[in-house]
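Student:
Numbering (our numbering), first residue to last: 3 to 211.
1) Answer yes if the region 107-124 comes into contact with the region 33-46, meaning at least three C-beta pairs across the two stretches below 8 Å, and no otherwise.
2) Is residue 133 helix, strand or coil when you go by DSSP?
3) For residue 152, collect the residues of the same chain with a Cβ closer than 6 Å to its Cβ; drop the 5 residues on either side in sequence, then sort them by chain order.
4) Are residue 179 and residue 192 close, meaning C-beta to C-beta below 9 Å?
5) Please list, in chain order, all residues of the same chain as residue 46 whose beta carbon is under 6 Å from its beta carbon, the five residues on each side excluded.
6) Pair every Cβ in the region 29-38 with every Cβ in the region 6-19, then say whether three or more of these pairs are closer than 8 Å.
7) Whole angstroms is fine: what's the gap from residue 148's alpha carbon to residue 181's?
8) According to the neighbour-count rule (16 or more other Cβ atoms, all chains shown, within 10 Å of its Cβ), is residue 197 buried or exposed?
9) Would you decide whether residue 155 is buried or exposed? Buried here means 16 or more other CB atoms lie within 10 Å of its CB.
10) Around the Cβ of residue 26, are there at least 16 other Cβ atoms within 10 angstroms (buried) or fewer (exposed)?
11) Using only CA atoms, which one of 204, 28 and 128 lies nearest to residue 164?
12) For residue 133, does the count of other Cβ atoms within 10 angstroms reach 16, so buried, or fall short, so exposed?
13) What is the C-beta distance between residue 117 and residue 100, in whole angstroms, given that I count them as a contact (C-beta under 8 Å)?
14) Please report the Cβ distance between residue 55 and residue 85, rounded to the nearest whole angstrom; I am assuming they are in contact, meaning their Cβ atoms lie under 8 Å.
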């Protein structure tokens, strides 16, 4: 069955890029966008969409409130949260409210496609998201800002410290070894640490393992 998708996000350039990626998926028949939660709900009342790709930070009606309405009034529509935030408490709330997936905005196009296909087939997508095994959530924002690294890079750092190779990390996170190596280079540059031993020591020092 063809997949109909609508994106709710108020950043036009980002939306244009995402639409381009989504339209490359063979089974997608319709890909549209809404600039805020109210506009999204209005479109859902007019047309059925199989999947909503939903930003959390939007004007007029934020993603949390929008998700509640979608779950209440359009239960057949599946929701993938697409956000810059990776805090564990936020992920717990999203799961509790019934979203089928959660993507961080620095994900690759491959991950985006895989998430959409998985959710369209009735699955869930919460892979690679920070969990409670990492540092306490109240420290997370300060940590990310201090080192200018992303939640995805923290997750990769954690797996490096576990002794996994780039290939093994890629298999675990369902992304390519090439992408892992690109992330690793960015991590080394940002932290000014260029050895595996140094990265492991950094992880242990900052208690993110």
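Positions of the beta carbon are idealized from the N, C-alpha and C atoms, including for glycine.
Tutor: If we stick to the structure as given:
1) no
2) In this prediction, residue 133 has a pLDDT of 46, which is less than 50 and means its spatial position is unreliable; what the coordinates show is noted afterwards. Three-state result, residue 133: coil.
3) Cβ within range, chain order: 108.
4) no
5) 76
6) yes
7) Roughly 24 Å separates the two Cα atoms.
8) Per the 10 Å Cβ criterion, exposed.
9) buried
10) Exposed, because fewer than 16 other Cβ atoms sit within 10 Å of the Cβ of residue 26.
11) The residue with the shortest Cα to Cα distance from residue 164 is 204.
12) Residue confidence is low: residue 133 scores 46 on pLDDT, short of 50, so the model does not pin down where it sits. No coordinate-derived value is stated.
13) Their Cβ separation, rounded to whole angstroms, is 16 Å, which puts residue 117 and residue 100 out of contact at 8 Å.
14) With a Cβ gap of about 10 Å, residue 55 and residue 85 do not count as contacting.
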